[in-house]
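Structure, as structure tokens:
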Amino acid sequence: MNLLITMMINISLSMILISVAFWLPQLNLYSDKASPYECGFDPMGSARLPFSMKFFLIAITFLLFDLEIALLLPIPWAIQYGNLTGVVLTTLGLLIILALGLMYEWFNKGLEWTE
1 MNLLITMMIN ISLSMILISV AFWLPQLNLY SDKASPYECG FDPMGSARLP
51 FSMKFFLIAI TFLLFDLEIA LLLPIPWAIQ YGNLTGVVLT TLGLLIILAL
101 GLMYEWFNKG LEWTE
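Everything in the sequence shown is counted per UniProt numbering, starting at 1 for the first residue and increasing by one.
What follows is the structure, encoded as structure tokens:
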């Protein structure tokens, strides 16, 4: 019975929100509102503009470190399954790799924006 009541409330609330979102906005279209916004760039301009290689390298470095942090997220759940030595060694290995990567980027001045 509780499941049925919850489903009915969810469905009715969803329908109300969809109806409000459909009927509420005013359709005042003018040229600025109809044109796409591309982060300050002219959308009708050339797509082959020069791109900063420093920005690209910092973005790739961020993605690599972000993926390594994502590998550390399941560790609290892995501790519950008994093999504590394996979990600690794996965690320590990942943290060492992360620290070595950070030191490599730091010593090669990969984290500095200016030349």
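All C-beta atoms in this analysis are idealised placements derived from N, C-alpha and C, irrespective of residue type, glycine included. If you're wondering where the values come from, they're calculated on a predicted model, not measured in any experiment.
**Study point:** Whether Thr-61 touches Glu-112 by CB criterion (7 Å)
**Key:** no
Review point. Are the CB atoms of Leu-94 and Leu-72 nearer to each other than 7 Å?
Key: yes
Point to revise | Pro-74 - DSSP class collapsed to helix/strand/coil | key: coil
Practice item. Using alpha carbons as the reference points, say which of Leu-63, Ile-11, Thr-91 and Phe-65 lies closest to Pro-76. Key: The option with the nearest alpha carbon to Pro-76 is Thr-91.
Check your understanding: What separation, rounded to the nearest whole angstrom, lies between the Cα atoms of Ile-96 and Leu-102?
Key -> 10 Å
Point to revise | Same chain, Cβ closer than 7 Å to Gly-110, five either side skipped, listed in chain order | key: Leu-57 and Thr-61
Practice item. Quick one: grab the DSSP three-state call for Asn-10. Key: The DSSP-derived three-state label of Asn-10 is helix.
Review point. From Ala-21 to Pro-50, what does the alpha carbon distance come to, in whole angstroms?
Key: 41 Å
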